[in-house]
Every structure is written in structure tokens, then in C-alpha cells.
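Let me begin by presenting the structure, written as C-alpha cells, before commenting on it.
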């Protein structure tokens, strides 16, 4: 059990260091990471870059419900971020041409400019990190982080199922 405690403590310590470093890497000084992530998701129609995505203007506007589902986030929290982005002029709400009751969001030209600047800034930082690790180690890191995320999600789901079955 001591080994498990040490591994958990070391993982926690390292993840906390990564979190602290990540906090200092703001894509834009005037946008939070969650706002920037929302802007990026809208621009890529609910997908992240690299997931066979095309900008939302080529698909039409994205509804908040669809965006919340794609981002696995609550509609109220997402709506607040979209409102903040809209107030800054980075996204706009547009009515669906086929059903005026449906409102979508899309990125404005100003929003695209902000994203391009942020991608360049973040790209520079990421490039330095990849140079430090080496491309092969970086690819291995991405793979292992993805596997860790899956393993943690499965373990949490299994515990939730166990709690639900115990409470019946």
C-alpha cells in the first residue's frame, strides 16, 4: 500500500506542477482559458482542431445545446461564456434561417483574429516544450495522458456504478 500512496502523491505533485505552469500559459491576456476553449470549440463546430473539423461558418451556426453536448458542459455555464465572448465581439448569435426560434453562435472576424494570435503565441511555447522533450517523447506523453484519462474515467464510472448498486 505504501507504493500506491507514494505513486499517488508523486502523480498529484507532478500534475499540480503542470497545472500551475499551464495557468501561466494564457492564450490571450483578456480571455480566460475556458472562454478561449469555448471560442475554439465554436470555431471548429464543437470539435477540437485535428478532429476532422472545419470552421463553423462552413457548417452554419452552432446551437448552444449542440455546443454544450460537444464540450460535455452545462448549458448555463456555457451560455455565460458565450455571452462574455459576444460582449467582446468575438462571437455572434444568429437565428436559424429555417427556424427563427433556434439561435446559433458563430465566430466573428475579430474572434478569428484573436484565435490566430493565440495559436501563434501558444504554438511558440508548445514548440519550445516539444524541443525540450523531443518529438517522440512528446507523442508518447500525449498517448499516455490519453490512456490515463480513459483509465481514470473508467475507474470513476465503476465506482459510481458500485455506489449506485450499494444504495439499492
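In the UniProt record's numbering, the protein residues as written are 1 to 168.
Glycine included, C-beta positions come from ideal geometry on N, C-alpha and C.
- Residues sharing a beta bridge with residue 104, DSSP: 63 and 94
- Task: Report yes if the CB atom of residue 216 is closer than 7 Å to the CB atom of residue 123, and no otherwise.
- Result: The question about residue 216 has no answer, for the chain in this structure spans 1 to 168.
- Task: Throw me the rounded Cβ distance for the residue 104 and residue 142 pair, which I believe falls under 8 Å.
- Result: Wrong, their Cβ atoms sit about 32 Å apart, outside the cutoff.
- Could you pull the start and end residues of the alpha helix (DSSP H) that residue 156 belongs to? 135-166
- Cβ pair count under 8 Å reaching 3, the stretch 126-133 against the stretch 92-100: no
- Query: Going by Cα to Cα distance, which pick from 64, 7 and 37 is closest to residue 118?
  - Reply: 37
- Please determine, among 73, 67, 39 and 109, the residue with the shortest C-alpha to C-alpha distance to residue 84. 39
- As assigned by DSSP and simplified to three states, the class of residue 39: helix
- Item | Distance, residue 153 Cα to residue 164 Cα | 16 Å
- If you draw a straight line from the alpha carbon of residue 102 to that of residue 64, how long is it in whole angstroms? 10 Å
- Quick one: is residue 161 buried, meaning 16 or more other Cβ sit within 10 Å of its Cβ, or exposed? exposed
- Item | Where residue 4 sits in the DSSP three-state scheme | helix
- Item | Collapsed DSSP secondary structure at residue 69 in the structure displayed | helix
- Neighbourhood of residue 68 by C-beta, 6 Å cutoff - its chain only, sequence neighbours within 5 removed: 75 and 78
- Message: Quick check: what's the CA-CA separation for residue 8 versus residue 92?
- Response: 44 Å
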